[in-house]
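Engineer:
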Amino acid sequence: MPQLLPVPNPIVSHWLSEPHRLRDFRSTPELPSECDIIIIGSGMAGITTAYFLLHENPNPPNIVLLEARELCTGATGRNGGHSKVLLSTISRVVKDHGPGIATELQTMVQKINDTFKQIINEEKLDCEFELRRSHDVQLETPESEQLKQMYDEGCKAGHEWTKDVSWIGPEHVEQVTSIKGAKSAFSVPACSLWPYKFVSQLLSRLLERHPDHLNFQTNTPVTSVDLQVDTSSVVTTPRGTIKTQKVIFATNAYTSGLLPQFQDIIYPVRGMASHLVPKTPVRPHLSNTYNIDYGSAKGVDYLNPRPDGSIVVGGAKWTFPDRETWYKNSDDSKPFPSEVQSYWDGYMQRVFHGWENSGAFTERVWPGIQGYTPDSWPHVGRVPGTKSQWMLAGFNGGGNTMILKSAETVAKMIREDKEFGDVAREVGVLTLFGTSKERMRKKIEETLPRVDGDISIRVKYTEWDTNTQHVKH
1 MPQLLPVPNP IVSHWLSEPH RLRDFRSTPE LPSECDIIII GSGMAGITTA YFLLHENPNP
61 PNIVLLEARE LCTGATGRNG GHSKVLLSTI SRVVKDHGPG IATELQTMVQ KINDTFKQII
121 NEEKLDCEFE LRRSHDVQLE TPESEQLKQM YDEGCKAGHE WTKDVSWIGP EHVEQVTSIK
181 GAKSAFSVPA CSLWPYKFVS QLLSRLLERH PDHLNFQTNT PVTSVDLQVD TSSVVTTPRG
241 TIKTQKVIFA TNAYTSGLLP QFQDIIYPVR GMASHLVPKT PVRPHLSNTY NIDYGSAKGV
301 DYLNPRPDGS IVVGGAKWTF PDRETWYKNS DDSKPFPSEV QSYWDGYMQR VFHGWENSGA
361 FTERVWPGIQ GYTPDSWPHV GRVPGTKSQW MLAGFNGGGN TMILKSAETV AKMIREDKEF
421 GDVAREVGVL TLFGTSKERM RKKIEETLPR VDGDISIRVK YTEWDTNTQH VKH
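Per UniProt numbering, the sequence shown runs over residues 1 to 473.
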């Protein structure tokens with residue numbers, strides 16, 4: 001089986017259509033021979049981890065940031081561009097972990113949205129950031145009734161997660177949301193941004209501020225990371241090797257390509273998104289983001305209206321003809337079949353009131369490789385069984401809602417030499433994110449897509465090999 005690495009020549013997404021000057025940048029012609037920390041990956045996870053390691057640090061480490069392709073061409077450059085907590089996610093968390101954890105999740109995401117705003121303001125980033133509301137819209141009665149019952153029970157019990165959530169009933173839901181055939185909706189807090197611009201401009205600020213402590217190298221795929229007896233690591237690339245004291249894997253779906261013990265624990269899932277453009281402006285402007293639930297037989301679309309009146313919308317997993325199209329598929333260089341991509345043709349005219357005469361057309365469609373996990377939570381913290389390696393990966397298609405606090409956690413663990421449990425509460429990241437041998441004992445058995453468009457998973461326990469630090473399958 002070939003090594004899991006990003007493929008060359010990925011399809012250009014809408015977010016990548018305005019390339020930054022650093023897209024193929026190399027700080028030095030040759031790789032340094034050694035450094036304090038290597039970060040693998042230049043998406044939001046890698047860049048924000050570098051930010052938290054260097055920010056207000058009187059003794060900044062020497063960091064080398066390695067990117068397999070051009071800057072930020074992975075999931076961050078291909079996602080939906082908004083950050084929120086879905087009501088279906090709240091429902092699952094309440095059921096599996098209780099209302100307290102649901103409130104912690106909602107609080108964490110709100111802190112992440114606030115942190116986006118703080119960084120963007122302090123660093124003067126121009127990335128179309130907006131604090132917004134988002135509509136979770138139900139088009140089928142069973143989903144509508146189930147979520148309403150859960151919401152009513154939470155309100156009656158005084159659960160904190162309900163405080164900033166409101167329900168829109170059938171009498172007014174089409175008028176409020178503009179969604180044709182909507183049965184109900186929930187309004188939740190959210191933010192949106194141009195993720196690639198956030199990442200590329202933040203990296204630019206870091207390189208300007210820390211030219212002697214941050215070395216960025218594009219088109220430099222890491223092919224192996226070998227632990228040494230002194231707990232340092234040797235990182236190998238086609239351009240040479242680097243010895244480093246610490247390694248951070250910000251590798252999301254590609255993690256098992258370098259940490260094979262994570263095979264079937266973090267695995268790639270190929271998603272689809274599109275950019276839709278009206279031929280004539282539509283008034284009033286859609287001011288909210290959306291998740292549109294088509295019911296258990298289909299799934300969920302996500303939609304992010306842009307300031308220029310165009311729309312970024314993704315999902316439609318039920319249109320994929322076979323599992324090989326998306327499951328464990330890490331190729332973002334090939335388009336989806338035409339019969340799949342055609343789902344977006346006339347989408348706004350079909351779905352939204354007021355868009356019938358907009359002439360909205362599909363400007364482009366692109367794939368994105370997401371990193372999924374058996375329990376739907378990312379793996380954050382020290383790589384199990386190691387002393388000098390850390391990770392933040394497996395964001396299950398929700399990186400915008402999870403990465404900033406995950407990056408802050410990893411950076412704080414390194415800067416203060418602490419363990420995940422000591423840092424999580426202080427930072428405000430869910431303890432469920434912590435990676436561990438216990439979580440790695442769970443192995444996936446694939447089934448069909450579940451209601452929310454993710455993957456339904458059955459879990460069985462496997463055995464941990466203490467000699468190789470791998471899971472025995």
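We put the beta carbon where it would ideally sit given N, CA and C, even for glycine.
Return helix, strand or coil for A75, following the three-state DSSP convention.
Structural biologist: Helix at A75.
Engineer: Helix or strand or just coil, what does DSSP make of R364?
Structural biologist: Strand at R364.
Engineer: For H379, which of helix, strand or coil comes out of DSSP?
Structural biologist: In this structure, H379 counts as strand in the three-state DSSP scheme.
Engineer: May I ask you to verify whether the region 50-65 touches the region 212-227, counting CB pairs closer than 8 Å and requiring at least 3?
Structural biologist: With a cut-off of 8 Å, the region 212-227 and the region 50-65 count as touching, because enough Cβ pairs lie within range.
Engineer: Can you find the residues in the same chain that come closer than 8 Å, C-beta to C-beta, to S388, ignoring five residues on each side of it along the sequence?
Structural biologist: Once the five neighbours on either side are set aside, the close Cβ partners of S388 are L227, T231, S232, S233, Q245, K246, V247.
Engineer: Along the chain, which unbroken stretches of the alpha helix (DSSP H) at least 4 residues long are found entirely within the region 219-250?
Structural biologist: Counting only runs of 4 or more, we get nothing.
Engineer: Take every Cβ of the region 114-121, pair it with every Cβ of the region 318-325, and state whether three or more of those distances are shorter than 8 Å.
Structural biologist: Segments in contact, no.
Engineer: So which of N357, I101, N252 has the shortest CA-CA distance to P6?
Structural biologist: It is N252 whose Cα lies nearest to the Cα of P6.
Engineer: Go through its chain and collect everything with a Cβ distance to F186's Cβ below 8 Å, but skip five positions before and after it.
Structural biologist: Once the five neighbours on either side are set aside, the close Cβ partners of F186 are L87, H135, D136, L147, Y151, V165, S166, W167, I168.
Engineer: Based on Cα-Cα distance, which residue from L131, D36, E160 lies nearest to G100?
Structural biologist: Nearest of L131, D36, E160 to G100, Cα basis: E160.
Engineer: Could you check where the alpha helix (DSSP H) with P170 kicks off and where it finishes?
Structural biologist: Here P170 belongs to no alpha helix (DSSP H), and DSSP marks it neither H nor E.
Engineer: Since F361 contacts K279 with CB under 8 Å, what's their CB separation in whole angstroms?
Structural biologist: About 7 Å separates the two Cβ atoms, so the contact holds.
Engineer: In terms of alpha-carbon separation, which member of M1, K84, P32, L71 lies closest to G397?
Structural biologist: The option with the nearest alpha carbon to G397 is K84.
Engineer: In whole angstroms, what is the alpha-carbon distance linking K317 and A411?
Structural biologist: When rounded, the distance between both Cα atoms is 35 Å.
Engineer: Measuring straight from C-alpha to C-alpha, what distance separates N299 and V93?
Structural biologist: Note on residue identity: the sequence assigns Gly, not Asn, to residue 299. Going by the C-alpha atoms only, they are around 19 Å apart.
Engineer: Using alpha carbons as the reference points, say which of K243, P8, T141, S296 lies closest to S33.
Structural biologist: Of K243, P8, T141, S296, the residue nearest in Cα terms is K243.
Engineer: Taking the beta carbon of E143 as the centre, do at least 16 other beta carbons fall within 10 Å, making it buried, or is it exposed?
Structural biologist: Classification of E143: buried, given that the 10 Å Cβ count is 16 or more.
Engineer: Tell me which residues share the same chain as M1 and place their Cβ nearer than 7 Å to its Cβ, disregarding the 5 neighbours each side in the sequence.
Structural biologist: Once the five neighbours on either side are set aside, M1 has no close Cβ partner at all.
Engineer: I'd like to check one pair, I39 with H49: are the Cβ atoms closer than 9 Å?
Structural biologist: Note that residue 49 is Thr in the sequence shown, not His. Yes, these two residues count as a Cβ contact at 9 Å.
Engineer: For the alpha helix (DSSP H) containing V109, list its first residue and its last residue.
Structural biologist: It spans 99-123 - the alpha helix (DSSP H) in which V109 sits, taken as one unbroken run.
Engineer: Quick one: what's got a C-beta closer than 7 Å to S204's C-beta in the same chain, skipping five residues either side?
Structural biologist: The answer, listed in chain order, is L22.
Engineer: For I40, list the residues DSSP reports as bridge partners.
Structural biologist: DSSP output for I40 lists L66, F249 as bridge partner(s).
Engineer: Return the chain-ordered list of same chain residues with a C-beta closer than 6 Å to the C-beta of F433, the five sequence neighbours on each side being excluded.
Structural biologist: Excluding sequence neighbours, F433 sits near W377, P378, V380.
Engineer: Could you have a look at P195 and say whether DSSP puts it in helix, strand or coil?
Structural biologist: Here P195 sits in helix by DSSP.
Engineer: Please list the segments of the beta strand (DSSP E) lying wholly inside the region 257-321, counting only runs of 3 or more residues, in order along the chain.
Structural biologist: Within the region 257-321, the complete beta strand (DSSP E) runs of at least 3 residues are 267-277, 289-293, 300-305, 311-314.
Engineer: Out of L54, C72, P60, I11, state which residue places its alpha-carbon closest to the alpha-carbon of D24.
Structural biologist: Nearest C-alpha to D24: C72.
Engineer: Could you tell me the alpha carbon to alpha carbon distance between V340 and F320, rounded to whole angstroms?
Structural biologist: Their backbone Cα atoms lie some 6 Å apart in a straight line.
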